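Residue numbers (our numbering), protein chains in the order written: chain A, 1 to 370; chain B, 1001 to 1286; chain C, 2001 to 2159.
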Amino acid sequence: MYIIDSTELQNLLEELISRGYLLIGPTVRSGAIVYDSIRSVDDLPRGIGDEQQPSRYRLRRRDDAMFFGFVVGPVSWKKFLYPPRLTMFKAAKAGRGFTITPGRTENPPKKAFFGVRPCELSGILMQDQVFTAGTYVDRPYKAARDNAFIVAVNCTVTGGNCFCASMGTGPGATKGFDIALTEVMGGGKHYFVASGGTPRGEEVLEAVPHRDATEPENKSALDAVSRAAKSLTKKMDVRDLPQVLKDNFEHPRWDDVAGRCLACTNCTMVCPTCFCSTVEDSTDLTGMHAERDRRWDSCFTMDFTKVAGGNIRPSIRARYRQWMTHKLSNWMDQFGTLGCVGCGRCITWCPSGIDITAEVDAIRGNGVHE
Amino acid sequence: MKHETIPAPAAPGEGLRIHTVTVKKVIWETDDTFTLQLDLGEMGETFSFLPGQFNMLYVFGLGEAAISISSDASQGGTLAHTIHRVGTVTSGLAQVKRGDVIGLRGPFGASWPITAARGKDVCIVAGGIGLAPLRPVMYAMLRERTAFERIILLYGARSPLDLLYRVELEEWAKEHNVEVLVTVDRGDSSWKGYIGVVTSLFSYIKLDARATVGYVCGPETMMKYTIDEMERRGLAEDQIYLSMERNMKCAVGFCGHCQYGPEFICKDGPVFTLPRIRHLLDKKEL
Amino acid sequence: MQTENLAEILRQHPFLAGLSDSHMQVLIDCASNVRFAEGARLIQEGEIANKFYLVRTGRIALETDVNARGKIRIQTVGPGDVLGWSWLISPFRWHFNALAVAEVRAVTLDGECLRKKCEQDHDFGYEMLSRFSHVMERRLEATRMQLLDLYTIPPGAQA
């Protein structure tokens, strides 16, 4: 464990830049904290906090100068590993046939993700399972992932919609990072306790001004994270959840949520684990050149399940149920874990304020079985 | 309950690479269903598939469609796909001519477990275009006819004009000792065959339930009734296999469209053992 | 001899499985063996229905004439099936034509005679009705499936 003083944080950013990483970190844009390229600590939302409730997100000025006094915004790291739009190939007519030129995915620029929250880190690890752990590997994802350096930030403040502790994904990170930072502020002091999670992470820490952390300093960091865990107001009861959802396929609650859900697809866009996509084939006006793009898709769309006979899930009821049971039940069969990291984004960004933790409670509470 | 596993892709990234193949022949089977015979060219040297698998066929600029392979798996180099013209891409495929080039990637999916049927009777029940993914099974079994006992084919279509592979159906019955029963939903006065749902054909055959394997493919409702009928006649559920269908975009388990409960139809299916998915069959809008 | 032969045939027919000896005898008294050549008409739509058939071999198509569309065949019955229950249900008239599409051997039963026996012996009547109800139920289920027209893609529902 090392200490990097708050005044020395800039060194860490510069060290990463000097090693050829494009830095991506939190910054304020249009009234929200998003992830975008940053170059200095001045780009960070220092002294800014966020207020999150179901269907509500506001930034506010904090009464301190914490660098990371906020939680997660509408953008997740997903967009850098699995872009919303990707050209898969370009094709050109050639005689009676055509040639295909695959989209460029090899050797993408190296990126350092600065400020990855533990829940987000879990989300990345879950998408690793989806895109790289099976028979087929998504090469653009793998290439981007292999070129990503992760600086995690443990949460010492929590949001109104966070429930990471229930999902076992936070507020402290335990694995998957190159460097983990915990911001400690108090008693006139402001510093980061830093640890390396990989050899290259260690190497970067060794290269910036630092000193060894003392026992009390370590403890302050751990305490800050513990306090954050205790301050969480939302919980998801995950006991036997996959089976509970399987047993309640026709629970009346689905009708209730269907009356509130607009199928706007916000939740799937902001969710760090949602991975559905579609492809768009198009040609230019001459018809001689064609292109295929992959873009994010959502199981909430009407045509998501279109087959020759029609749509399998025409009702919003069925589509909401699909989203929730995929995330909290089928994901376990498919990937060995639940698919939700407890970041609370879907609750914040749902225009109807649908709260997935409350939906789970409602389905459990009635105990109506099929 | 294990069935034959998916062969691993030939090379990393193979599943996503589109190959160009040439149309050798176009055969119109009915007024809205046609078979494309494809010359794989260079790709033919390494391409192999198992009965029940499908390819993604690409029409320049229009997109891809998931189509079951309906040719003989032992014939390298030539592939056949029987296609129902229902949408944009299949309409595009319906317009190709001999010598045209289309894209192909595959094969994908879990296959019919033919080894499980060795030494047993096989009862194949096909509805409509469902006969297309089952034809490779028939070819495979007929190549080793003595490895299987009775082979029974129950096939239903909408009308006599909608029947596929009529010449082969006769050939299988006459020359390969296959019991072929064909029915249509309605006929005209020239049709002397059975008329009625495909499940009614069960009344005309006697199955030895303990030694029969069932392969079923067709509209979901028809498959459910068929399963009922098979179980009514004593077939154990782990002897029954069916082929499911869902929307597909990627065929490699990434796009999420083909999910059926926890199953990805593109890689866990399309062929499933009944025990694996029976709890899903009755779920509406799953 | 004719009667014993008929008795055996009836006993083996699936429609009559489990029928008591005394009820079987009632049927035998009203039964006779028949054969129809390919193309022969067994039933004429609209005529009085006073018989039914237990099919042993061959195939019979049920046909109806639809004005502009000609003759449509909507059902076939084959070995082990029963054809015709209109003899049991007023107004006792046939609702379709039936033709042999392959040579048919069947047992024909005198409906008028049996109707009287059903009225005299309600136990026997119950046996007949419950067996026919079962057949009708299966036929209705099958007809519903045909009605669903599962092999057709509905217009506008194309992928």
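Cβ coordinates follow ideal geometry from the N, Cα and C atoms, glycine included. Values in this document were obtained by computation on a predicted structure and should not be read as measured data.
Per DSSP, what kind of secondary structure is residue i in: helix, strand or coil?
| i | result |
| --- | --- |
| B:Asn950 | Beyond the ends of chain B as shown, which are 1001 and 1286, falls residue 950 of chain B; an answer cannot be given. |
| A:Val270 | helix |
| A:Lys79 | helix |
| B:Lys1024 | strand |
| A:Cys164 | helix |
| B:Cys1123 | strand |
| B:Lys1002 | Residue placement at B:Lys1002 is poorly supported in this model, since its pLDDT is 41, which falls under 50; the coordinates are not used for a value here. |
| A:Leu44 | coil |
| A:Thr7 | helix |
| B:Leu1104 | strand |
| A:Glu359 | helix |
| B:Thr1078 | strand |
| C:Asn2005 | helix |
| C:Leu2147 | helix |
| A:Thr445 | Residue 445 of chain A lies beyond the range of chain A shown here (1 to 370); nothing can be said about it. |
| A:Pro26 | strand |
| B:Thr1033 | strand |
| A:Ala318 | helix |
| A:Asp237 | coil |
| B:Glu1179 | strand |
Going by beta-carbon coordinates alone, are residue i and residue j separated by less than 8 Å?
| i | j | result |
| --- | --- | --- |
| A:Ala143 | A:Asn107 | yes |
| C:Val2104 | C:Thr2057 | yes |
| A:Cys162 | A:Cys267 | no |
| A:Leu236 | A:Ala92 | It is worth fixing the name first, because residue 236 of chain A is Met in this sequence and not Leu. Taking 8 Å as the Cβ cut-off, A:Met236 and A:Ala92 do not qualify as a contacting pair. |
| A:Phe98 | B:Val1271 | no |
| A:Thr273 | A:Val341 | yes |
| C:His2064 | C:Phe2096 | Sequence inspection shows Thr at residue 2064 of chain C; the His mentioned does not correspond to that position. Yes, the Cβ-Cβ distance between C:Thr2064 and C:Phe2096 is below 8 Å. |
| B:Ile1265 | B:Cys1258 | yes |
| A:Ile17 | A:Gly25 | no |
| B:Leu1038 | B:Thr1078 | yes |
| A:Ser40 | A:Tyr191 | no |
| B:Val1122 | B:Ile1083 | no |
Quick one: give me the first and last residue of the beta strand (DSSP E) that residue i is part of.
| i | result |
| --- | --- |
| A:Met185 | Ile179 to Gly186 |
| B:Cys949 | Nothing about residue 949 of chain B can be read from this structure; chain B reaches only from 1001 to 1286. |
| C:Asp2097 | Per the sequence shown, the amino acid found at residue 2097 of chain C is Asn instead of Asp. Note, C:Asn2097: beta strand (DSSP E), Asn2097 to Asp2110. |
| B:Val1167 | Note, B:Val1167: premise wrong, no beta strand (DSSP E); alpha helix (DSSP H) at Arg1166 to Glu1175. |
| A:Val116 | Lys111 to Val116 |
| A:His289 | His289 to Trp296 |
| B:Tyr1139 | Note, B:Tyr1139: premise wrong, no beta strand (DSSP E); alpha helix (DSSP H) at Arg1135 to Arg1143. |
Taking only heavy atoms of the ligand FAD into account, decide whether any of them is closer than 7 Å to the Cβ of residue i.
| i | result |
| --- | --- |
| A:Arg61 | Of the ligands one can find in the structure shown there are none, so the ligand FAD has no counterpart to examine. |
Roughly how many angstroms separate the alpha carbons of residue i and residue j, rounded to a whole number?
| i | j | result |
| --- | --- | --- |
| B:Arg1232 | B:Thr1199 | 11 Å |
| A:Leu86 | B:Thr1046 | 30 Å |
| C:Leu2109 | C:Ile2028 | 8 Å |
| C:Leu2042 | C:Ile2074 | 16 Å |
| B:Gly1063 | A:Val193 | 52 Å |
| A:Ser315 | A:Glu250 | 13 Å |
| B:Val1184 | C:Leu2150 | 12 Å |
| A:Tyr57 | B:Gly1061 | 42 Å |
| C:Met2024 | C:Ser2133 | 18 Å |
| B:Pro1160 | C:Val2135 | 26 Å |
| B:Pro1051 | A:Val137 | 25 Å |
| A:Pro171 | A:Leu232 | 9 Å |
| A:Glu206 | A:Val34 | 29 Å |
| B:Ala1073 | C:Leu2010 | 48 Å |
| B:Ile1227 | B:Tyr1241 | 9 Å |
| C:Arg2131 | C:Ser2020 | 13 Å |
| A:Thr337 | A:Glu120 | 15 Å |
| B:Cys1217 | B:Ala1116 | 17 Å |
Along the chain, where does the alpha helix (DSSP H) that runs through residue i open and close?
| i | result |
| --- | --- |
| B:Met974 | Residue 974 of chain B lies beyond the stretch modelled for chain B, which goes from 1001 to 1286, so this question has no answer here. |
| A:Gly196 | Unbroken run through A:Gly196 is the beta strand (DSSP E), Lys189 to Gly196; no alpha helix (DSSP H). |
| A:Ala221 | Glu215 to Ser231 |
Going along the segment 2059-2079 of chain C in order, which residues come within less than 8 Å of chain B, judged by CB to CB distance? Arg2059, Ala2061, Leu2062, Glu2063, Gly2070, Lys2071, Ile2072, Arg2073, Ile2074, Gln2075, Thr2076, Gly2078 and Pro2079
Contact set between the segment 2094-2123 of chain C and chain B, restricted to residues whose Cβ is under 8 Å from the partner = Val2101 and Ala2102
Closer than 9 Å between beta carbons: that is the criterion. Which residues of the segment 1056-1076 of chain B meet it against chain A?
Tyr1058, Val1059, Phe1060, Gly1061, Leu1062, Gly1063 and Glu1064
*asked:* Counting only Cβ-Cβ distances shorter than 9 Å, please list the residues of the segment 1179-1197 of chain B near chain C, keeping chain order.
replied: Thr1183, Val1184, Asp1185, Arg1186, Gly1187, Asp1188, Ser1189, Trp1191, Lys1192, Gly1193, Tyr1194, Ile1195, Gly1196 and Val1197
Problem set entry | Selection of the segment 1157-1170 of chain B by Cβ proximity to chain C, strictly under 7 Å | Ala1157, Arg1158 and Asp1162
Given a limit of 7 Å on CB to CB distance, which residues of the segment 2124-2145 of chain C reach chain B?
-> Ala2142 and Met2145
Note to self: Residues of the segment 1101-1132 of chain B in Cβ contact with chain C at a cutoff of 7 Å, in chain order, please.
What the structure shows: Gly1127 and Gly1128
Give, in chain order, every residue of the segment 1083-1097 of chain B whose Cβ lies closer than 7 Å to some Cβ of chain C.
Val1086 and Gly1087
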